[in-house]
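A.B. asks: Please find one structure pasted underneath; my questions will follow.
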Amino acid sequence: MSLKRELIYIDGKDQTDRIEKYSNQGNKCVIVFKNSDREFHYGKNRAKIVRTSVSEEKAFNVFNYLHEIADTVGLKTDEGSNILSRSYKSISVIPEYCILSSLLNGSLPYSLSKNKNPILFPFGFNISQQKAVNTAFSNNLSIIEGPPGTGKTQTILNIIANAVLNGQSVAVVSSNNSATKNVYEKLEKNGVEFIAALLGNSQNKKEFIASQKEINELSQFNLTDVQKAEIKEKCITLADQLTENLSKKNELATLKLELENTRLEYEHFKEAYEENTEKNVGFKKNITANKILEFWITLKSLSEKRRKINFFRRIMYWFKYGIKDKAFYMNSFDEMILSCQSMFYPLRIHEISVRISSLEQSLKDFAFDHKMKEYTDMSMQLFKAELCKRYNHQKRVPYTISELRQKSGEFIKDYPVIMSTTYSLRQSLSDNLYYDYVIIDEASQVDLATGALALSCAKRAVIVGDVNQLPNVVNSGTQIKTDRIFDAYKLKEPYRYSNHSLLSSILELLPTAPKTLLKEHYRCNPKIIEFCNKKFYDDQLIVHTEHTTNRQPLIVYKTTQGNHARERMNQRQIDIIKHEIIPSQNLENVDLGIVTPYRNQTYALQKTFKETSIKADTVDKFQGRENEVIILSTVDNEISDFTDNPNRLNVAVSRAIDQLIVVVSGNEMEKENNISDLIKYIEYNNFSIIQSELNSIFDLLYQGYEDKRSKIIEKSGKVSEFDSENLMYGLIKQVLAEEKFLKYNVLLHYPIRQLIRDYSKLDDQEIKYVSNSMTHLDFLIYNKLGKTPVLGIEVDGFEFHKQGTRQEERDRMKDRILEKYNFPILRFGTNESKEKEKLINKLNEL
Numbered sequence: 007m008s009l010k011r012e013l014i015y016i017d018g019k020d021q022t023d024r025i026e027k028y029s030n031q032g033n034k035c036v037i038v039f040k041n042s043d044r045e046f047h048y049g050k051n052r053a054k055i056v057r058t059s060v061s062e063e064k065a066f067n068v069f070n071y072l073h074e075i076a077d078t079v080g081l082k083t084d085e086g087s088n089i090l091s092r093s094y095k096s097i098s099v100i101p102e103y104c105i106l107s108s109l110l111n112g113s114l115p116y117s118l119s120k121n122k123n124p125i126l127f128p129f130g131f132n133i134s135q136q137k138a139v140n141t142a143f144s145n146n147l148s149i150i151e152g153p154p155g156t157g158k159t160q161t162i163l164n165i166i167a168n169a170v171l172n173g174q175s176v177a178v179v180s181s182n183n184s185a186t187k188n189v190y191e192k193l194e195k196n197g198v199e200f201i202a203a204l205l206g207n208s209q210n211k212k213e214f215i216a217s218q219k220e221i222n223e224l225s226q227f228n229l230t231d232v233q234k235a236e237i238k239e240k241c242i243t244l245a246d247q248l249t250e251n252l253s254k255k256n257e258l259a260t261l262k263l264e265l266e267n268t269r270l271e272y273e274h275f276k277e278a279y280e281e282n283t284e285k286n287v288g289f290k291k292n293i294t295a296n297k298i299l300e301f302w303i304t305l306k307s308l309s310e311k312r313r314k315i316n317f318f319r320r321i322m323y324w325f326k327y328g329i330k331d332k333a334f335y336m337n338s339f340d341e342m343i344l345s346c347q348s349m350f351y352p353l354r355i356h357e358i359s360v361r362i363s364s365l366e367q368s369l370k371d372f373a374f375d376h377k378m379k380e381y382t383d384m385s386m387q388l389f390k391a392e393l394c395k396r397y398n399h400q401k402r403v404p405y406t407i408s409e410l411r412q413k414s415g416e417f418i419k420d421y422p423v424i425m426s427t428t429y430s431l432r433q434s435l436s437d438n439l440y441y442d443y444v445i446i447d448e449a450s451q452v453d454l455a456t457g458a459l460a461l462s463c464a465k466r467a468v469i470v471g472d473v474n475q476l477p478n479v480v481n482s483g484t485q486i487k488t489d490r491i492f493d494a495y496k497l498k499e500p501y502r503y504s505n506h507s508l509l510s511s512i513l514e515l516l517p518t519a520p521k522t523l524l525k526e527h528y529r530c531n532p533k534i535i536e537f538c539n540k541k542f543y544d545d546q547l548i549v550h551t552e553h554t555t556n557r558q559p560l561i562v563y564k565t566t567q568g569n570h571a572r573e574r575m576n577q578r579q580i581d582i583i584k585h586e587i588i589p590s591q592n593l594e595n596v597d598l599g600i601v602t603p604y605r606n607q608t609y610a611l612q613k614t615f616k617e618t619s620i621k622a623d624t625v626d627k628f629q630g631r632e633n634e635v636i637i638l639s640t641v642d643n644e645i646s647d648f649t650d651n652p653n654r655l656n657v658a659v660s661r662a663i664d665q666l667i668v669v670v671s672g673n674e675m676e677k678e679n680n681i682s683d684l685i686k687y688i689e690y691n692n693f694s695i696i697q698s699e700l701n702s703i704f705d706l707l708y709q710g711y712e713d714k715r716s717k718i719i720e721k722s723g724k725v726s727e728f729d730s731e732n733l734m735y736g737l738i739k740q741v742l743a744e745e746k747f748l749k750y751n752v753l754l755h756y757p758i759r760q761l762i763r764d765y766s767k768l769d770d771q772e773i774k775y776v777s778n779s780m781t782h783l784d785f786l787i788y789n790k791l792g793k794t795p796v797l798g799i800e801v802d803g804f805e806f807h808k809q810g811t812r813q814e815e816r817d818r819m820k821d822r823i824l825e826k827y828n829f830p831i832l833r834f835g836t837n838e839s840k841e842k843e844k845l846i847n848k849l850n851e852l
């Protein structure tokens, strides 16, 4: 069957299959029918040429490319038939309203009539999920980005419920049956699984036909119109109240994590400045952390201007900050500033704690959990009442296999929710059926060819997935074959089969498509997921879990040095897991999973623990699963790119609910990588950092200082009085926003005396220079996972820093000092160019 690029309607009927050729001549459409040489002339009111999704040459080209890919990668039956290719051949027309048009044309979809807004959330909701569902119903194509543990299934269930309430059909698909069965099981748990049919391949269809479900008893949910209106009104009122309190819950979760991080940084600060943190300064009782920052800024300004704190200033500071002790002003500016920094932490900790208590009390007074249950119960009651009305005590007539295709229109009214794989959706029902919604779950693991096939029978689509988790796997042989096809068609890079999943392709092809990031996380211990949050999600997640066990959430075990890995198997790591980790961490009767990058290590682990309940598998096989405790066996003597793959690490870490144990080689790591970031993060959080010549970075302290300082300088948000520094700050933030640099952050005017821990390498002149609070780096880039300094940046004004000046001598001294500690510094002259390229190259080098 050939694909029609245009449809010809004569007197309102599709006559395309009867027509050999056609053309427009003036006001007439000239048509030659098959098996005839005669030309028929029709007026434009009788004959209409209707465009399809492949009317444009570009879209037709993309479809042919995908079809050829299907011919190459599709699975073959025992008879030699290629199922995927056969499905592509069955497509005779792709209407413009079909959502596949967006993928083929690389443009946002043709607009359908306005959809009804969702009115109920019978499966519960949070702010991100509410936004995702609303977006799905107000756009024909939307994307839901679902990081681990953020409730993708719950969101999908609410979309299903509202679509069914609207009288619409929904297909839920993924690359495998496990994701869709998870959705089905949640429907079953709530007693509404009878609206869904698990179809797809021939085996699934046979199983469905053999076990067709009766409609559940719903008479108890029957409501009068008056009762429905009353409950609906209560739901709307309660939903508004819940939304307001969900914002409070998000704030509470954010503050709890900030409190934990501030306490941790304070411990590191006290370790670095033990002798200074014991000094008590007599500030006024009700002074705030914000006021302490303000005083610090004042002292810094006086120090830079070489001003003294005279009698009048002391009187002013007494009224403003409550400092009565004259001895305080006998200290150097550096010592006074350090006292302010020491005071900042306990004050900020107290302020956060007070706000947390206030929010907790407010949520308790509102009875949040009770109100959310009340809302979901009423929503589910309304949903079931509508189902009761729809099915109206009907006895379900069973279907045969052939009737799935022959009676698809009746079937979809009976079973408005179809579940399948992307591969098999078109085989489920009639080729001419277009679902109102196709929801593609785990879309990062859906390849382009099967994803496009699922979209070919959709009016609207919701693409659900996470590009930071593992994509579909394309082996080297398939890559070579498909790349050859891709090169022949000369398409845009997002269409390259070997490099792109359906999700990544759509994100690149349609960058303005409406997207919702599910932010609220509910699975892992905060310390575990915070690594993923900082490393992969740019601190956008809001962590609602709490540390509820006595287990230490993060642990690193290092084997003895040596070449223990052989053929992607490491017996030494297995021995440590069995004989050391499991006994010492009391893991004998725990829900334990062991993940590893390699199959060979998996087989060895499974053999070792075959008589136990311990689950061992590759990271790739663990995607979508979770365990109370996860052990990550890295295997490698030196971490390989395969093990260090960021998506693989993200999945491995986020499988752990209560505890993550990382087993690595004791060999020295030669380069900074993702695994080393994880180890640094664990060591910082466990306070087990090997003593270094450089301090950890106190970023919470200095970020607070920067924010306050920028507000004082100018309300526009500038960070410095100098335009050159403001420009450089903007450029650094732009570079660090790139995906591969998300683990870094930047601080302005960071004192070198707080960077260097040990002055033993310096001579007296250098010590005097470093000890001066005015000696700072214009910018300090640091690794926010382990709070380790990475790169110093200096912006040198041409006149001020030119050769022979006093400042140029100081520059040379600063460079010399930092070189002694092997700390890199990058200088930018204000008369230079290509700053961005220079910075990116340096970060890549590091």
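Residue 98 in my numbering sits at position 92 of the sequence shown, with consecutive numbering throughout.
From the three backbone atoms N, C-alpha and C, an ideal C-beta is built for every residue, glycine too.
All of these numbers come straight from a predicted model, not from anything done at the bench.
Return the first residue and the last residue of the alpha helix (DSSP H) that Gly130 is part of.
C.D. replies: Counting along the chain, Gly130 falls outside any alpha helix (DSSP H), and DSSP gives it neither H nor E.
A.B. asks: Could you tell me if Glu851 is buried or exposed, where buried requires 16 or more neighbouring beta carbons within 10 angstroms of its beta carbon?
C.D. replies: By the neighbour-count rule (16 or more Cβ atoms within 10 Å), Glu851 is not buried but exposed.
A.B. asks: Between the Cα of Asp597 and those of Pro603, Lys621 and Met575, spot the shortest distance and give me the residue it belongs to.
C.D. replies: Checking every option, the nearest Cα to that of Asp597 belongs to Lys621.
A.B. asks: Give the DSSP bridge partners of Lys82, in chain order.
C.D. replies: Looking at the DSSP assignment, Lys82 forms a beta bridge with Asn88.
A.B. asks: Taking its Cβ as the centre, do 16 or more other Cβ atoms sit within 10 Å of Tyr609, making it buried, or is it exposed?
C.D. replies: Looking at its Cβ environment, which holds fewer than 16 other Cβ atoms inside 10 Å, Tyr609 is exposed.
A.B. asks: Rounding to the nearest angstrom, what Cα-Cα distance links Met575 and Ser504 in this structure?
C.D. replies: Approximately 28 Å between the Cα atoms of the pair.
A.B. asks: On a CA-only basis, which of Leu742, Pro101, Gln629 and Pro603 is nearest Val670? Give me that one, please.
C.D. replies: Checked all of Leu742, Pro101, Gln629 and Pro603; the closest Cα to Val670 is Pro603.
A.B. asks: May I have the straight-line CA-CA distance separating Glu514 from His506, to the nearest angstrom?
C.D. replies: One C-alpha to the other measures close to 10 Å.
A.B. asks: Sort Cys463, Leu106, Tyr708 and Asp802 by Cα distance to Met734 and report the nearest one.
C.D. replies: If we check each option's Cα against that of Met734, Asp802 comes out closest.
A.B. asks: Would you mind working out which of Ile535, Asn556 and Ile561 sits nearest Val549, comparing C-alpha positions?
C.D. replies: Considering only alpha carbons, the answer is Ile535.
A.B. asks: In this structure, how does DSSP classify His755 when only helix, strand and coil are distinguished?
C.D. replies: Note: His755 maps to strand in three-state DSSP.
A.B. asks: By the 10 Å Cβ neighbour count, where 16 or more other Cβ atoms means buried, how is Glu573 classified, buried or exposed?
C.D. replies: Its Cβ having fewer than 16 others within 10 Å, Glu573 is exposed.
A.B. asks: Kindly list the residues whose CB is nearer than 7 Å to the CB of Cys530, restricted to its own chain and excluding five residues on each side of it in sequence; keep chain order.
C.D. replies: Gly155, Thr551, Ser660, Ala662 and Ile663, listed in sequence order.
A.B. asks: Mind pulling the alpha helix (DSSP H) runs of 4 or more residues that sit fully within the stretch 165-253?
C.D. replies: Fully enclosed alpha helix (DSSP H) runs of 4 or longer: 183-195 and 208-216.
A.B. asks: When the Cα atoms are used, what is the spatial distance from Asn292 to Met322?
C.D. replies: The alpha-carbon atoms of Asn292 and Met322 are separated by roughly 17 Å.
A.B. asks: Does the beta-carbon distance from Ile162 to Ile445 come in below 8 Å?
C.D. replies: Going by C-beta atoms, Ile162 is nearer than 8 Å to Ile445.
A.B. asks: Using a Cβ distance threshold of 8 Å, determine whether the stretch 366-375 contacts the stretch 324-334, with at least three qualifying pairs required.
C.D. replies: No contact exists between the stretch 366-375 and the stretch 324-334.
A.B. asks: Quick one: residues in its chain with C-beta nearer than 6 Å to the C-beta of Ser722, no 5 flanking neighbours on either side, listed in chain order?
C.D. replies: Note that Ser722 scores 48 on pLDDT, short of 50, meaning its location in the model is unreliable; the coordinates nonetheless yield the value given after this. Around Ser722: no qualifying Cβ.
A.B. asks: If I measure Cβ to Cβ from Glu380 and keep anything under 8 Å in the same chain, skipping five residues before and after, which residues do I get?
C.D. replies: Hits under 8 Å: Leu244.
A.B. asks: If we call anything under 8 Å between Cβ atoms a contact, is Lys211 one with Leu523?
C.D. replies: Not in contact: Lys211 and Leu523 (Cβ atoms no closer than 8 Å).
A.B. asks: Quick check on DSSP: helix, strand or coil for Val601?
C.D. replies: The answer is strand: DSSP assigns Val601 an E or B state.
A.B. asks: I'd like the list of long-range same chain contacts for Asn5, defined as Cβ closer than 7 Å, with 5 residues on each side in sequence excluded.
C.D. replies: Nothing can be reported for residue 5: it is not among the residues displayed for the chain, which extend from 7 to 852.
A.B. asks: If you draw a straight line from the C-alpha of Phe648 to the C-alpha of Ala743, how long is it?
C.D. replies: Rounded to the nearest angstrom, the two C-alpha atoms are 24 Å apart.
A.B. asks: How would you call Asn438, buried or exposed, if buried means at least 16 neighbouring beta carbons within 10 angstroms?
C.D. replies: Exposed: under 16 other Cβ atoms inside 10 Å.
A.B. asks: Report all residues from its chain with a CB closer than 8 Å to the CB of Val641; omit the five preceding and five following residues, and keep chain order.
C.D. replies: Result list for Val641: Ala571, Arg574, Met575, Asn576, Gln579, Thr602, Pro603, Tyr604, Gln607 and Thr649, in chain order.
A.B. asks: Between Ala53 and the rest of its own chain, which residues show a CB-CB distance below 6 Å, the 5 nearest in sequence each way excluded?
C.D. replies: Here the set comprises Ile16 and Cys35.
A.B. asks: In whole angstroms, what is the alpha-carbon distance linking Ile37 and Val60?
C.D. replies: For Ile37 and Val60, the distance between alpha carbons rounds to 21 Å.
A.B. asks: In terms of alpha-carbon separation, which member of Cys104, Asn656 and Thr614 lies closest to Gln475?
C.D. replies: Taking only the C-alpha atoms, the option nearest Gln475 is Asn656.
A.B. asks: In terms of residue numbering, what span does the alpha helix (DSSP H) encompassing Thr624 cover?
C.D. replies: First-last for Thr624: Lys621 to Thr624, but that is the beta strand (DSSP E), not the alpha helix (DSSP H).
A.B. asks: Where does Ser722 sit, in a helix, a strand or coil, going by DSSP?
C.D. replies: Summary for Ser722: the model assigns pLDDT 48, below 50, so the residue's position carries little reliability; its value from the coordinates is reported in the next sentence. Of the three classes helix, strand and coil, the one that applies to Ser722 here is coil, per DSSP.
A.B. asks: Can you check whether the C-beta of Ser345 is within less than 8 Å of a C-beta belonging to chain B?
C.D. replies: Among the chains of the structure shown, chain B does not appear; only one protein chain is present.
A.B. asks: Taking the alpha carbon of Ile787 as the point to measure from, which residue in Ser777, Arg361, Ser96 and Glu800 has its own alpha carbon closest?
C.D. replies: Out of Ser777, Arg361, Ser96 and Glu800, Glu800 has the C-alpha closest to the C-alpha of Ile787.
A.B. asks: Using CA coordinates, which residue listed in Val79, Ser8, Leu13 and Lys413 is at the minimum distance from Gln485?
C.D. replies: Of the candidates Val79, Ser8, Leu13 and Lys413, the one whose C-alpha sits nearest the C-alpha of Gln485 is Val79.
A.B. asks: In this structure, does DSSP put Tyr71 in helix, strand or coil?
C.D. replies: It is helical.
A.B. asks: I'd like to check one pair, Leu261 with Ile358: are the Cβ atoms closer than 8 Å?
C.D. replies: Yes.
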